[in-house]
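In what follows, a single structure is set out as structure tokens and then discussed.
In my numbering, the protein residues as written are 5 to 213.
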């Protein structure tokens, strides 16, 4: 996928899924991507590089089949090795300039932010998109306090780049983030824990349209 098409897809994105390896991975990804996931991020915090790259091969293959950008969490080196389309950086991760040096100008680079000041700083960084949250506390990020819906209102009012709301967003809570101005969401458990992942994706998309 060429850089312009990548960024066009990012701009049109509504549902961004973060997940790792799991039993039945190929079928799960087929269901999620086929139902309308727009961006897919591989996040594996506990594994070493070699098994992450094995999982990444599956992600890359399925993303190519569906024309969906493939992002790796935290590690620009693994993103490069996996031929990913980009990397997602937290506040304590590699500086953006270093990630660009590794991946090049064509790559997508995203940034997590947890308060209004971080969000505003990210808008001035050399990143392609920003994630704001967590809206609610979530077991995906234990110990991190919720940023709350006010951060979503700030993001909606001040964003100059594509941005996504994150944190405990599911069918029951997506209405409040939509009302606060979010038109894109990052989700984990709302899809990974769903008995019918495809139906969960479609419901989230419908709530954002």
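Backbone N, C-alpha and C define an ideal beta-carbon position, used for all residues, glycine too.
Please read these numbers as outputs of a predicted model, since none were measured by experiment.
1. Between residue 59 and residue 84, is the Cβ-Cβ spacing less than 9 Å?
2. What's the gap between the Cα of residue 154 and the Cα of residue 26?
3. What are the start and end residues of the beta strand (DSSP E) that includes residue 92?
4. What's the C-alpha gap between residue 202 and residue 192?
5. List the residues that DSSP assigns as beta-bridge partners of residue 117.
6. For residue 22, report the span of its beta strand (DSSP E) as first-last.
7. Quick one: what's got a C-beta closer than 6 Å to residue 24's C-beta in the same chain, skipping five residues either side?
8. Which word fits residue 18, buried or exposed, when buried means at least 16 other C-beta atoms lie within 10 angstroms of its C-beta?
9. Which residues in the same chain have their Cβ closer than 7 Å to the Cβ of residue 120, if we skip the five residues on either side of it in sequence?
10. Whole angstroms is fine: what's the gap from residue 101's alpha carbon to residue 111's?
11. Please specify which runs of the alpha helix (DSSP H), each continuous and at least 4 residues long, are wholly inside the segment 15–68, giving them in chain order.
12. For residue 190, report the span of its beta strand (DSSP E) as first-last.
13. Check this for me: beta carbons of residue 146 and residue 171, under 9 Å apart or not?
The short version:
1. Not in contact: residue 59 and residue 84 (Cβ atoms no closer than 9 Å).
2. One C-alpha to the other measures close to 34 Å.
3. First-last of the beta strand (DSSP E) with residue 92: 90–93.
4. So the alpha carbons of these two residues sit roughly 13 Å apart.
5. Partner(s): 136.
6. Note, residue 22: beta strand (DSSP E), 19–23.
7. When the five nearest sequence neighbours on each side are left out, the beta carbons in the same chain lying within less than 6 Å of the beta carbon of residue 24 are those of 47 and 48, in order along the chain.
8. With a 10 Å radius around the Cβ and a threshold of 16 neighbouring Cβ atoms, residue 18 comes out buried.
9. Answer for residue 120: 155 and 158, listed in chain order.
10. Roughly 12 Å separates the two Cα atoms.
11. Counting only runs of 4 or more, we get 29–39.
12. Element bounds for residue 190: 189–191.
13. Not a contact, by the Cβ cut-off of 9 Å.
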